[in-house]
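Q:
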Amino acid sequence: MNAVFRTILQRLGFGVLTLFVVSIIIFTTIELLPGDFAKSILGQSATPETVAAFQRQIGLDKPAPVRYFDWIVGVLQGDFGFSFASAGALGGGQARTVLSLVAPRLANTLFLASMAAIIAVPLALALGMLAALYRNSLFDRIVNLTTLTSISVPEFFVAYILMLFLAVKFPIFYSLANVSLDTPFFERLARCALPAMTLVLVIVAHMMRMTRAAIINLLASSYIEMSRLKGLSPWRIIYYHALPNAWAPIANVIALNLAYLIVGVVVVEVVFVYPGIGQLMVDSVSSRDIPVVQACALIFAVAYVLLNLLADVVSIVTNPRLLHPR
Amino acid sequence: MTNAPGTNPDQANAAAIAEAAPPLQQRSRWQTAARELRRAPLSAQFGMIIVLFYIILAVFAPLIAPYSENELVGVQYAPWSDEFVFGTDQLGRDMLSRLIFGARNTIGIAFVTTLLAFLIGGSLGLLASILGGWADQILGRAVDVLMAIPLLIFALVLLSIVGPSWINLALIIAVLDSTRVFRLSRAVAMNVVVMDFVEAARLQGEGLSWIMAREILPNILPPLVAEFGLRFCFVFLTVSALSFLGLGIQPPAADWGSMVRENATLINYGDITPLLPAAAIALLTVAVNFVVDWFLHKTSGLKE
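Order-wise, the sequence lines are chains L and A.
Just so we're aligned: the first sequence equals residues 9 to 334 in my numbering.
Just so we're aligned: the second sequence equals residues 603 to 906 in my numbering.
1) Can you check the segment 129–209 of chain L for any beta strand (DSSP E) of at least 3 residues that lies completely inside it and give the ranges in chain order?
2) Taking CB distances under 9 Å as the criterion, tell me whether MET289(L) reaches chain A.
3) Based on Cα-Cα distance, which residue from LEU114(L), THR105(L) and THR55(L) lies nearest to ILE307(L)?
4) Straight-line CA distance for THR80(L) to ALA744(A)?
5) Is it true that the CB of VAL301(L) sits closer than 9 Å to the CB of VAL293(L)?
6) To which residues of the same chain is VAL261(L) closer than 7 Å at the C-beta, ignoring the five residues directly before and after it?
7) Mind pulling the chain L residues with CB within less than 7 Å of LEU754(A)?
8) How should GLY735(A) be labelled, buried or exposed, when 16 other C-beta atoms within 10 angstroms of its C-beta is the threshold for buried?
9) Could you tell me whether any Cβ in chain L is nearer than 9 Å to the Cβ of ALA855(A)?
10) Can you look up LEU748(A) in the DSSP assignment and give me helix, strand or coil?
11) If PRO879(A) sits next to GLY704(A), beta carbons under 8 Å apart, how far is it from one beta carbon to the other, in whole angstroms?
12) Check whether the Cβ of GLN85(L) lies closer than 9 Å to any Cβ atom in chain A.
13) Out of GLY82(L), ARG196(L), ALA134(L) and ALA213(L), which has the shortest C-alpha to C-alpha gap to LEU153(L)?
14) Under 7 Å Cβ-Cβ, which residues of chain L neighbour GLY809(A)?
15) Applying a beta-carbon distance threshold of less than 7 Å, which residues of chain A neighbour PHE308(L)?
16) I'd like the ranges of any alpha helix (DSSP H) spanning at least 4 consecutive residues and lying wholly in the segment 823–869 of chain A.
17) Among the residues of its own chain, which have a CB less than 8 Å from the CB of MET814(A), if the five just before and after it don't count?
18) With a floor of 4 residues, list each alpha helix (DSSP H) that falls wholly inside the segment 756–797 of chain A, ordered by position along the chain.
19) Using a Cβ cut-off of 8 Å, which residues of the segment 169–199 of chain L contact any Cβ in chain A, in chain order?
20) Determine the DSSP secondary structure at ARG629(A), reduced to helix, strand or coil.
21) Does any C-beta atom of chain L lie closer than 9 Å to the C-beta of PHE713(A)?
22) Near ILE169(L), which residues of its chain fall below 8 Å by C-beta distance, leaving aside the five closest residues on each side in sequence?
23) Is there at least one Cβ from chain L nearer than 9 Å to ALA866(A)'s Cβ?
24) With a Cβ-Cβ cutoff of 9 Å, do LEU269(L) and ILE180(L) count as a contact?
25) Compare the C-beta of LEU761(A) against all C-beta atoms of chain L and say whether one is closer than 9 Å.
26) Is the beta carbon of LEU847(A) sitting closer than 9 Å to the one on ARG863(A)?
27) Based on Cα-Cα distance, which residue from TRP682(A), THR715(A) and ILE702(A) lies nearest to VAL841(A)?
28) Which residues bound the alpha helix (DSSP H) around ARG19(L)?
29) Of all the residues that make up the segment 865–887 of chain A, which are near chain L by a beta-carbon distance shorter than 8 Å?
30) Identify every residue that forms a DSSP beta bridge with THR715(A).
31) Taking C-beta pairs closer than 8 Å, name the residues in chain A that SER145(L) reaches, listed in chain order.
32) Roughly how many angstroms separate the alpha carbons of GLU801(A) and THR117(L), rounded to a whole number?
33) Along the segment 833–853 of chain A, where does the CB come closer than 8 Å to a CB of chain L? Name the residues.
34) Give a yes or no on whether the minimum CB-CB distance between VAL764(A) and chain L is below 9 Å.
35) Name the DSSP bridge partner or partners of ASP895(A)?
36) If you reduce the DSSP assignment to three classes, tell me which class ASP291(L) lands in.
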């Protein structure tokens, strides 16, 4: 158990380091802003006093390392600073915190992403294993061709096709996923049906292909052939011999694709006008509301790093060589 | 792909045949290529025809398109008719003409971006594999860091700083995507760098650029070419996604991603026009994938 523990600690340490570097990169982006940025945010009519106040507010009067420290301490406490969109109101109006913009939308995005993941993961694993077990059969070929096509098309194409057929031509689902905080749970599910379905279609294709490849790789190894030649039942081979070694690649496949979900969610939210963090990020990029962009990017990047870390940890914990050291 | 079919392991035999019957040897490169193309599977041939079709559209866009790119020719959202084959868009511009000009803009930018990504990633990857040591470590860690953030998210952050325009888009995506090229070219080049002929070139006193371009590059070309196809698809989809989000290629330039967004309202009336540019994107990606699949199969088969 000691070896497992040590390897996990190493991975966690590396994960924390990665997060630190990612936070530095995202922080540094604000340093790259051109000097007259305050003017372009506040408008040409801004007085020198407002510009100075604005620069003080985003802390441009202090050296960069100090600002990074202030920023990261704030972020760890959930304080991402103020949205630039409200900077015009510096004269005395109420400035909106980034947190108040991001928090409700983060909840929405997590809802949509978990809905998609709950459907996609079991479906993809089952399809992938079936395709691997019956490889080169008609089923395998059809699944292969369908998934190759669906990973080649843009997410918004899938989204609009579903919208056209399942919401406009045959009005089964809502075409727009405009939910609010007080939408009841089941109505929320119904409104999220199409975006979730799009995400499922996009990630199932990837996940299924990777599962199939991982399982085929495993079934081709010589110890599996040995157990088959011994005359073991297929169920026994899969359950006792293949599965212990399959957990690591399967965990990797799941984590990689949940990370892929992050990218898909941005486009899908825009198509279905879903009030999630992806849409907030796109809007903030257009209005160049840097603090909000930073917060969203940090959340996406942290989710991405954590998912990859989780996959690593799972593959360490389930590694038979580490679990049963000689 | 340009290997002559006569290079089989039975060297002595091949040499004997060469002496006995010289006219059989040496097909020209073009003949070999044509032969391979005829033998390609149906999916690859289909892919190549589609790709060729797109290239022709992109190059001869002004000659093929019935109207110009930004000319207002009719009412807004006109239905499909003889005059406007696919109707008109939200400003009254001919949809078909914009689709054709879109081929030029969208594919052109994706192609230039991929090329740039390969120039940056490929040369740095080769450099890292030849120099090894510190240079390799530094480049490797830098790439690890860049890859710790999802590409689309990173691109969004950078676009919010520099503002959206097609040049910014191409540069940002080229730099971010070059990390993937770096990984691949470094990995394949590593196997070649340790070979004796590279050592010989070094002892002979050849410079770094000679070793990179003349000794190593020719030996790692097939996997890089296949990767070019795959990276092109990825870049093409990313550029389209960003344009769709309104942060890529800016109006009034015709571009498939933004055309989907601009005309999306038509979907609610059951009109499939907005799906045409999206379908154009999908068809090209599928076609390129088919060709790459075949090419990968082909080159890995020849290496054995």
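Backbone N, C-alpha and C fix where the C-beta goes; we use that ideal spot for every residue, glycine too.
These numbers come from a predicted model, not from an experiment.
A: On the basis of the data shown:
1) none
2) yes
3) LEU114(L)
4) Checking the sequence shown, residue 80(L) turns out to be Ile, not Thr. ILE80(L) and ALA744(A): Cα-Cα distance of roughly 22 Å.
5) yes
6) MET215, MET218, THR219 and ALA222
7) Simply VAL271 and VAL274.
8) exposed
9) Not closer than 9 Å to any Cβ of chain L, the Cβ of ALA855(A) fails to qualify, so no.
10) helix
11) Distance from PRO879(A) to GLY704(A) at the Cβ level is roughly 6 Å; contact confirmed, criterion being Cβ atoms closer than 8 Å.
12) no
13) ALA213(L)
14) Within 7 Å Cβ-Cβ: nothing; GLY809(A) doesn't reach chain L, min ~35 Å.
15) PRO752 and ILE755
16) 858–864
17) SER725, LEU728, LEU729 and ILE732
18) Taken in chain order, the unbroken stretches of alpha helix (DSSP H) that lie wholly in the segment 756–797 of chain A and span 4 residues or more are 768–795.
19) ILE169, MET171, LEU172, VAL176, LYS177 and SER183
20) In the structure shown, ARG629(A) sits in coil (DSSP, three-state: anything other than H, G, I, E or B).
21) By the rule that beta-carbons nearer than 9 Å mark a contact, PHE713(A) does not touch chain L.
22) none
23) yes
24) no
25) yes
26) yes
27) THR715(A)
28) It spans 10–36 - the alpha helix (DSSP H) in which ARG19(L) sits, taken as one unbroken run.
29) ALA866, ILE869, ASN870, TYR871, GLY872, ILE874, PRO876, LEU877, ALA880, ALA881, ILE883, ALA884 and THR887
30) Partner(s): none; THR715(A) has no beta bridge.
31) The premise fails here: SER145(L) is roughly 19 Å from chain A at the closest Cβ pair, so nothing lies under 8 Å.
32) 55 Å
33) Those would be CYS835, LEU839, SER842, ALA843, PHE846, LEU847, GLY848 and LEU849, in chain order.
34) yes
35) ASP895(A) is not bridged to any residue.
36) Three-state DSSP puts ASP291(L) in a helix.
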